[in-house]
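Structure record follows, encoded as structure tokens.
Residue numbers (full-length UniProt numbering): 1 to 396.
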């Protein structure tokens with residue numbers, strides 16, 4: 001088939017590589033057929049519902065390489081659930097009593113889009129499947145080929161999603177600076193909160209990269225002690241803990257150096273902390289997909305308050321690398337992954353095969369088109385895997 005008009009959108013939270021993915025997809029379509037028209041919807045499915053878009057004209061096409069060096073999304077992003085009509089109407093994305101899937105399909109038809117490339121996580125993939133199914137049910141031609149991005153790296157069955165490697169690298173770079181806060185005052189606890197709702201993958205990968213740096217430090221008696229720059233506890237959603245168990249784990253470190261550094265996933269212990277806060281009368285909101293808002297749960301702050309009492313700390317500091325880590329450009333590892341995914345996405349679109357393109361763990365990590373039915377989020381970190389156990393053994 002020849003796709004006369006291709007639509008692009010980025011959806012969900014930011015991740016490194018969104019900008020590069022947009023550029024790579026357009027570059028691949030240009031190489032295939034320079035006459036192909038490419039339309040970008042601003043701010044994800046929100047722009048699709050509102051008819052807010054831009055054409056990738058000659059000027060943009062001549063300078064696509066500029067996008068590879070930038071973070072964020074050149075198209076903008078948003079969190080929109082196409083089956084949540086009430087939320088879409090409340091946000092004035094659709095008229096009252098309208099069906100978001102109908103509105104989206106009608107806009108695609110008006111724009112002449114026959115191929116849609118959504119770039120996002122598992123919620124974006126769910127939207128993509130529902131939109132593809134809806135268009136099929138009304139006889140509208142549409143091939144939906146999604147690309148996976150998430151810094152959490154928690155999409156099944158995708159081994160590694162776009163942006164996760166870059167985010168870990170950036171988070172470790174962030175940690176190199178903030179871990180210096182251990183020296184700001186006696187008896188200090190530094191808690192580095194890393195993004196990751198259901199999976200501790202990013203926390204563990206970030207911690208591993210930080211420890212790689214720490215282990216290269218040269219010890220200088222009385223002045224430079226690498227262990228003070230290290231990590232003394234790693235807390236992830238997959239491993240249960242209490243404030244007492246963390247304090248016990250830190251006891252020997254605390255007695256030795258009167259400082260401690262902790263890496264914690266934003267979703268680690270979140271259900272426990274959420275219950276405590278709700279029992280205290282605090283309201284915890286949810287997003288359009290029904291996920292509790294973790295910035296209202298604040299597990300890092302809860303842990304800091306608990307440990308301050310248990311360890312008699314003079315100072316606790318909670319720092320969050322999330323926005324720094326997710327908003328940067330793709331690194332070399334992600335750039336290579338993006339290029340391979342874009343190549344496969346083009347072939348899939350030409351074959352009229354809908355799905356999400358990524359490293360399929362069920363097919364020995366080969367990059368292919370994965371049926372939407374096989375895709376879901378919330379994959380847990382395999383804590384018994386060798387690389388995770390190696391990291392935990394390095395924490396002391």
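Beta carbons are placed, not taken as given, at the ideal position from N, Cα and C, and that holds for glycine.
Of the residues 81, 192, 387, 389, the one whose Cα lies closest to the Cα of residue 301 is 192. Residue environment: residue 171 is assigned as buried (16 or more neighbouring CB atoms within 10 Å of its CB, all protein chains considered). Between the alpha carbons of residue 41 and residue 74 lies a gap of roughly 10 Å. The segment 260-271 makes no contact with the segment 325-337; the number of CB pairs closer than 8 Å stays below 3. CA-to-CA, the gap between residue 240 and residue 373 works out to about 31 Å.
Per the DSSP secondary-structure output, residue 320 pairs in a beta bridge with 193. Residue 323 sits exposed, since fewer than 16 C-beta atoms from the chains shown fall within 10 Å of its C-beta. Annotated three-state conformation of residue 98 is coil, per DSSP. Residue pairing of residue 368 in beta bridges, as defined by DSSP: 358. Residue 162 counts as buried, since no fewer than 16 other beta carbons sit within 10 angstroms of its beta carbon.
Taking a cut-off of 8 Å for Cβ pairs, the segment 256-268 and the segment 224-241 touch, as three or more such pairs fall below it.
Approximately 6 Å separates the beta-carbon atoms of residue 111 and residue 5; this is inside 8 Å, confirming the contact. Inter-residue distance for residue 118 and residue 7 is about 8 Å (C-alpha atoms, whole angstroms).
Membership of residue 240 in any alpha helix (DSSP H) is not indicated, and neither H nor E is assigned to it by DSSP. Between residue 309 and residue 316, the C-beta gap is not smaller than 8 Å, which leaves the two residues out of contact. Just so you know, the alpha carbons of residue 329 and residue 168 end up roughly 12 Å apart. In the structure shown, the three-state DSSP call for residue 84 is coil. Take the alpha-carbon of residue 174 and the one of residue 14: they are about 17 Å apart.
In this structure, residue 135 lies away from residue 98, with their beta-carbon atoms at least 8 Å apart.
By the neighbour-count criterion, in which 16 or more other beta carbons inside 10 Å mark a residue as buried, residue 127 falls on the buried side.
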